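Sequential numbering of the sequence shown, starting at 891, is according to the working numbering.
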Amino acid sequence: HDSIGLGEDGPTHQPVEHLAALRVIPNLLVFRPGDAVETAEAWQCALDSSESPSVLALSRQGLDQFRHGDMTENQTARGAYIARNADGDRQITLIASGSEVGIALAAQAGLAAEGVAAAVVSAPCLELFWQQDAGWRESVIGDTPRIVIEAALRQPWDRLLRDGDEFVGMDDFGASAPAPALYEHFGITADAVMEKARACLS
């Protein structure tokens, strides 16, 4: 279990703190892939890493495939990348990992219908992202308002979030209910992301 995704097992099996705890371990690469392609890329990164151990934090629920087309470059090896570019000049950036990339993509589509151009950044490995040069990181994240979406605690993202940016995730233990009900209850939905995006841009 990597989040609240298998909700019926309740809070004892919903480790909202584990990603934060793992990410502060020195020299550890923590991968949270969002689909089968990212999982394969993360596994390749782990095999290629002779200096750092790796953790693959996988969802237990089924996820939609969002990576298609050219697979010649291992995007996960850069830690984060633009999964879907904005249609036009970027107005806001949605950053997500794992199962929440799908939520970011749904929010992007909803915002596009309202005339708001959002880019979606998938961030399967923060440790690898921070190893990239500053210019490349800025080209991915940009300087528009940022919203991070992850069904876990916020702390690992504080380095990326500035005043006025938003976090959609957990700030407490989970609960026992079907996963869709829990995501709705804790406000980790495309609608919630869209609402925060409107607030950021108002």
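Think of the CB as a built atom: it goes at the ideal place given N, C-alpha and C, for glycine as much as any other residue. Just so we're clear, the structure is a prediction, and the values are computed from it rather than from any experiment.
For A1009, the enclosing beta strand (DSSP E) starts and ends at 1008 to 1012. Where R1036 is concerned, the enclosing beta strand (DSSP E) starts and stops at 1036 to 1040. Shown here, R968 sits in a helix according to DSSP, grouped into three states. A check of alpha carbon separations from E931 across T966, P943, F956 identifies T966 as the nearest.
Exposed is the label assigned to L937, since fewer than 16 other Cβ atoms lie within 10 Å of its Cβ. Per DSSP, T929 lies in no beta strand (DSSP E) segment; the continuous alpha helix (DSSP H) that holds it begins and ends at 926 to 938.
Remark: C-beta atoms of P1014 and E1085 do not approach each other more closely than 9 Å. Sixteen is the threshold: when 16 or more other Cβ atoms of the shown chains lie within 10 Å of the Cβ of T983, as they do, the residue is buried. For E1056, the secondary structure class from DSSP, reduced to helix, strand or coil, is strand. In terms of Cβ geometry, Y971 and S939 do not form a close pair [threshold 9 Å]. In the DSSP assignment, I982 forms a beta bridge with A1008. Ranked by Cα distance from V906, the first of D1033, A976, Q1045, R968 is Q1045. Annotated three-state conformation of S944 is strand, per DSSP. DSSP lists V945 as the bridge partner or partners of V920.
L918 has its alpha-carbon roughly 26 Å from the corresponding atom of E1056.
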